[in-house]
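Chains as they are written, first to last, in our numbering: chain E, 1 to 387; chain A, 1001 to 1368; chain H, 2001 to 2468. Idealized CB from N, CA, C, for every residue including glycine. All figures in this text were calculated on a predicted structure; none of them were measured in a lab. The structure appears right after this line, and notes come after that.
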Amino acid sequence: MSSIVITSLSAAIGLDIIPAPDPLGYPVPAWILQALSYFTLTLHLLAMNFTIGGSVILLWSMFSKKPDNKDIGRFFGAGLPLGVSYIVTLGIPPLLFVQVLYGQFFYSSSVLLGSFWIQVIPVLLLAYTGYYYHKFLRDTRPRLQWLVILASLILLLYVGYIYVNNLTLAMSPEKWSGLYKAYPGGGTLHHGEPTIHSRLLLFLSGAFAVAGIALIWRGAKFIKWGWQELGRKSQQKGFKIFLISIPIWIIAAIGVYFSRPDEISTMLSLDNSKLLLGIGIVSAVFATLFAFLAVGKRGLIFPLISSLGVFGAVLSMVIFRDTVRIKELGPGFDLSAIPVNYQWGMFIIFVVTLVVGLAFLIFTFVKVFPALAEKSRERLNKETAAV
Amino acid sequence: MDKYEIPPDAESRLPSNDKVTGRAARFLLGRYKIWPIISHLLDKTVPHYRHSYWYNMGGILLFLFSVQVITGILLMIYYRPAEPWLSVQRIVMEVPFGNIIRSVHHWSANLMVLTIFLHMFSTFFMKAYRPPREFTWLTGLGLAALTLLFGFSGYLLPWDDLSFFATRVGISEIDKAPFIGGWLGDLARGGPDVTLDTIGRFYVLHVTVLPLLILGLISAHLLFIQIQGMSETDSFTALPPEKKKYSKFFSDYLFGEIPVWLALSALLIALAAAFPRELMPEADPFASAPEGIKPEWYFLSQFQLLKLFPGSIELLGLVILGLVPLSFLVLPFIDRSIPADSRGRVILKLGIVAVLGLTAFTIWGWLS
Amino acid sequence: MNYPVWDVPFLGGGLVVAIIAIIHILISHLAIGGGAFLFVAEFWAKKQSNGNLIREWLHRYTKYFLIYTTIFGAITGVGIWFSIQLANPEATSLLIHQFVFVWATEWVMFLGELTVLYLYFYGWGKNSQNMQILLAGAYFVIAWFSLFLINGILTFMLTPGGWSLTDTDIAAGFFNPGFLPSLFIRTLVMFILGGIFGIIVATRVKENGEFRKKIIYFCAKWVIPAAIIIPFLLLWFWTTLPDNAVTLVKGGTVGVAGGKLEAITRYFWLAIISGGLILISVIVAVIRPQAISTGGAIAIFLIAQFGIMGGEFFREMSRKPFVIYDTLYSNGLWKKNTADENYMKSSYLEKARWDTPVEPLSLHHGETIFRLQCVGCHTRDGYRSINTRTADWSGEFGYRWLSTMHETGVMPPFQGSDEDRAALSAYLISAHDKTTTAREILDSARKEETKDTLSVPAVPAENNGGAK
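And the structure:
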């Protein structure tokens, strides 16, 4: 099966059914678009991981009797709506760039998916509402909150499932004809794609790592504010949770391997595979090591390096996936062959806006953080005094 | 003879004489001794609690009725009962804004029927029909019946395929009534068939007879309400005095209703924009009825119910159908207890069954 | 034909875009107007004696505002993207490739306004007054710039201005003739919405005397002047509209086929009348501030939703039959190809990438043409129903009409051979149980043509034209 797939993919580029790339071409050389896409997609995936991991932990905490776990649950319960909003906001640039780079594939698969693709919208609305319902009404309406969180979590997982269907179908033009014949107006999932579930799991594998690191950051803050024991416990819990990601990742990777062994061999045959593997492994090691080292310490440098490690690991996977994708689309698909109609002016405006914008946001965040911190401290004081 | 004296308590409650409203009020009261009425109206309050929004229904009905009168009068300028379809075609195709006016008239009619059901059932569930308000309820039922008649008579007037056959089917149900059915049907149609003579009757009904009747009943209905004041539910009455909040009808409550009416106007224009009323081809009495011809949605439940009793048992169907309005008529005389007793609670539950049944039959009629 | 066509029964893909979009416009315009509102209100609160009470009301405003705009605003915004990808991938691809960094810059604005709003809300009570004012102001400026950017792209679709496929000048396309009037109109609409939202929140204040009056007067100042100015801006916008749209609206106060007004006219009047109703309702609120209930205030907000529905439908319909004016028709036909007679008359299915093998002149042939050329705008018996429009058609009539439908001004020219036309006509009339086959239509039409060539050729035969 796998070898048939790889050869027909190469031939697939000759398929008449694939729409021509957009006549307008690119506004800047493709590598800039790819770099931006990799960077922003990684951020989006980290936000997603935080939310999924946080939801699972919150759910678990609702059934735990220990007050420590309840605290951790409250921490995530407050943060999950923000998690969702950043998933959506950070998801915009990758969606933009995938349309620029792979538009002819992505639109085709989206229309084939049809109503499944548009379902993402009402599903997201419901999930988002669920998280806010929990955050603002968890104390006044405590009944069945676990059901609300469980439902929201399942809805978000469904969104991920739809996305994996779409993106894998986008890269399988040899399947389009058959699906189009059966569903000429759209409305089908990507049937017969062996990697869907393992790929979804791979995306989710960072969930506990990111949620765990969040707890480590939280712990460091507590220690800084004088709650040594509370902080330490948060960090220990965080590290333990972080470790859960590792077996999940291994299972997911094995799953992808067994459903598409040729993808792995393609991956390993790429020019930059050693570099990417190196970055990935080193990042993962640093992430784990510094998560471990962070326990008991007030310094923010430890969770920072650990976070950068997770970022690096996810980034390397993102780049790997894209390079494999380009290779598999075969010799007919050549990003550098797309005409470039330079829009340096608009690009510079974007870069300047981004830099200025980020600077402004960091500036205001730093200015406002003491106020937010004071609120957290006050709340904690009240809660620990009540105990 | 000189002007009348302004009563002393009026002096204190009226706006001062340097305001226009004050001078106008004194001008009026000097000529017409109506201060008792005015002071009674000024005292009118509306209870303010979580069910208060239902009190808006009456005002909404009055508003929708006014829309019908205004759009109806405008349509009457161009409508010709001798050439019904052509005149309506002219209205929608040539007369400036005729199209919008006609669509608004259609949608306002539908909203009015819907609101009458909402108003009837909300007053039912709030048990507002109990003594001393029996005649408010009865006049209300009369208004509901007149509204449905308005709908039925107006539906025929464009004389297109849809209106012709729906009317023919509708009146044929009247034919089925025992003894007087055939006679009543002929009276409605102006003969054995639906013809332009039917238009003559329906038109006169729609623009003269029914308006006179409905204005009379509305006046009576409003008069009773003004005299007796707003009814309060048992739950409101049971509240301790300090929790009972009221707002003044003139003019706080009235002003509060205005945005709702304005939103309804916007809704009507939006409905006219998104779902304009079409004009089907002119009625052809010799053609066969379009397949699956149905009456308008507010008659669907009755239509569907009667379909369950075909042929020889159709009399039974008519009897059952007749029981529903009959039970509504006798309601104020069988459920009189304030606060509600066990009989009252049973009747409430029966009301829920009625609402569910009505909805279910309407949906069933729509789908079949 | 470059892409498959999304077939949504009853609604049609375009209507799905419309429904998501009009909800999004209400929320997004409120989001920006609310930002301005918060900024000015913070200043105003500073000057008032009961500033604390006012700021408490503002806190409540912000909470509802945050939930409403972040959940529904963000998701429906993404919803527009999802739905336009599905409804018209070709046009979306053009816009994306032309304006990718405009959108990327707009994204920076989204990130900014979201983060600043969170800092504003979650820092409440602890942030200094000046910080709050800074954050509110920053939120408004950032959010307004996101409108500035999307406004360029949106108005480009209707009035591309100096942009063309041969000269893809992004500045000319972005700063097109419709840009400024649209920008000003939308900004004023935002102020109106911010004010109405303020009235809604004011009705939740328990105190019902002087304080509520003061807040409602403050809110009314956001609505009434803007509502009065907008009609003049609309006149300006009117001058930028394509001739086609103007003709339709002007001629459209009376009915066209089917006894209905042209849709564009109906929605135009909906927008105008709704605006007037908002003005009246807010004047009522000013006359009797204590009388407005929450339900009443929400009713005013609903009028705004209807007005937006009218305005946005009107704007979109002004563009018919194009999706990018004078460049790309809504069904994927490029205007530049219409000049090439051979291209237009060659077999459609051979040009279409997404087709299934058909037997020529069969009903399946006609259905495939219908799906690829017509379903982008029409449904069979739902929105803009084709069945209703072809109820009186004969096969021959349809065959002739299809060749001249572009003369109505709202339809693209037909792409395809005579066989394609005959097949499509046969398919369309089959919905009304008419059984004329495509072959019969073609033969009868060919006979007519030979008859005409044999008769006096000087005068073009009248029965070969379109519908009269």
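For the beta strand (DSSP E) that contains residue i, what are its first and last residues?
| i | result |
| --- | --- |
| A:ILE1313 | Run containing A:ILE1313: none; DSSP gives neither H nor E here. |
Helix, strand or coil for residue i? Go by DSSP, reduced to three states.
| i | result |
| --- | --- |
| A:THR1045 | strand |
| H:VAL2323 | strand |
| A:GLU1282 | strand |
| A:LYS1245 | coil |
| E:VAL88 | helix |
| E:ILE352 | Checking the sequence, you will find Val at residue 352 of chain E rather than Ile. E:VAL352 falls in the helix class under three-state DSSP. |
| E:LEU415 | This structure does not reach residue 415 of chain E, given that chain E is present from 1 up to 387, and the question cannot be answered. |
| A:ASP1160 | strand |
| E:LEU155 | helix |
| H:TRP2163 | coil |
| A:TRP1137 | helix |
| H:TRP2107 | helix |
| E:TRP217 | helix |
So residue i is in the alpha helix (DSSP H); what residue range does that whole segment cover?
| i | result |
| --- | --- |
| H:LYS2213 | 2210-2240 |
| A:LEU1062 | 1056-1078 |
| E:THR288 | 273-293 |
| E:GLU263 | 261-269 |
| A:SER1087 | 1084-1093 |
| H:PHE2174 | 2170-2174 |
| H:PHE2043 | 2013-2047 |
| E:TYR183 | First-last for E:TYR183: undefined, no H or E at that position. |
Using a cut-off of 7 Å between C-beta atoms, extract the partners of residue i located in chain A.
| i | result |
| --- | --- |
| H:GLY2296 | GLY1256, PRO1259 and VAL1260 |
| H:ILE2280 | LEU1262 |
| H:VAL2284 | PHE1255, ILE1258 and PRO1259 |
For residue i, collect the residues of the same chain with a Cβ closer than 7 Å to its Cβ; drop the 5 residues on either side in sequence, then sort them by chain order.
| i | result |
| --- | --- |
| E:ILE17 | PRO173, TRP176 and SER177 |
| H:PHE2322 | LEU2328, TYR2329 and SER2330 |
| A:TRP1035 | PRO1007, ALA1010 and LEU1029 |
| H:ALA2426 | LEU2363, GLY2366, GLY2395, THR2436, THR2437, ALA2438 and ILE2441 |
When you compare the CB of residue i with every CB in chain H, is at least one pair closer than 9 Å?
| i | result |
| --- | --- |
| A:TYR1053 | yes |
| A:SER1368 | no |
| A:ASP1252 | yes |
| A:ASN1110 | no |
| E:ASP16 | yes |
I'd like to know whether the C-beta of residue i is nearer than 9 Å to at least one C-beta of chain E.
| i | result |
| --- | --- |
| H:ARG2446 | no |
| H:GLN2098 | yes |
Spell out whether any CB of chain A is found under 9 Å from the CB atom of residue i.
| i | result |
| --- | --- |
| H:LYS2468 | For H:LYS2468, the pLDDT reaches just 36, beneath the cut-off of 50, and the residue's location in the model is therefore unreliable, leaving the point undetermined. |
| H:TYR2217 | no |
| H:MET2309 | yes |
| H:ALA2227 | no |
Once you ignore the five residues that flank residue i on each side, which residues in its own chain have a CB closer than 8 Å to its CB?
| i | result |
| --- | --- |
| H:ALA2171 | none |
| H:LYS2221 | GLY2195 |
| A:VAL1324 | ALA1354 |
Which bits of chain H does residue i rub up against, with CB to CB less than 7 Å?
| i | result |
| --- | --- |
| E:SER346 | First, the amino acid is wrong: residue 346 of chain E is Met here, not Ser. In chain order: PHE2101, VAL2102 and ILE2170. |
| E:PRO375 | Residue identity differs from the one stated: residue 375 of chain E is Lys in this sequence, not Pro. Under the 7 Å cutoff, chain H gives LYS2126. |
| E:SER172 | Those within 7 Å of E:SER172 in chain H number zero; the least Cβ separation is about 15 Å. |
| A:ALA1272 | ARG2266 |
| E:ALA371 | GLY2123, LYS2126 and ASN2127 |
Note down, in chain order, every chain H residue with its Cβ under 9 Å from the Cβ of residue i.
| i | result |
| --- | --- |
| E:ILE87 | Neighbours of E:ILE87 on chain H: none; closest Cβ ~10 Å, over 9 Å. |
| A:LEU978 | For residue 978 of chain A there is no data in the structure shown, the boundaries of chain A being 1001 and 1368. |
| E:GLY185 | PRO2004, VAL2005, TRP2006, ASP2007, VAL2008, PRO2009, ARG2371 and VAL2375 |
Looking only at its chain, what residues have a beta carbon closer than 6 Å to the beta carbon of residue i, apart from the 5 residues adjacent to it on each side?
| i | result |
| --- | --- |
| E:ILE4 | Low confidence applies here, because E:ILE4 scores a pLDDT of 34, under 50, leaving its location unreliable; read the following figure in that light. The answer is none, since no qualifying residue turns up. |
| A:LYS1245 | HIS1048 |
| H:GLN2085 | THR2092 |
| A:LYS1044 | PHE1249 |
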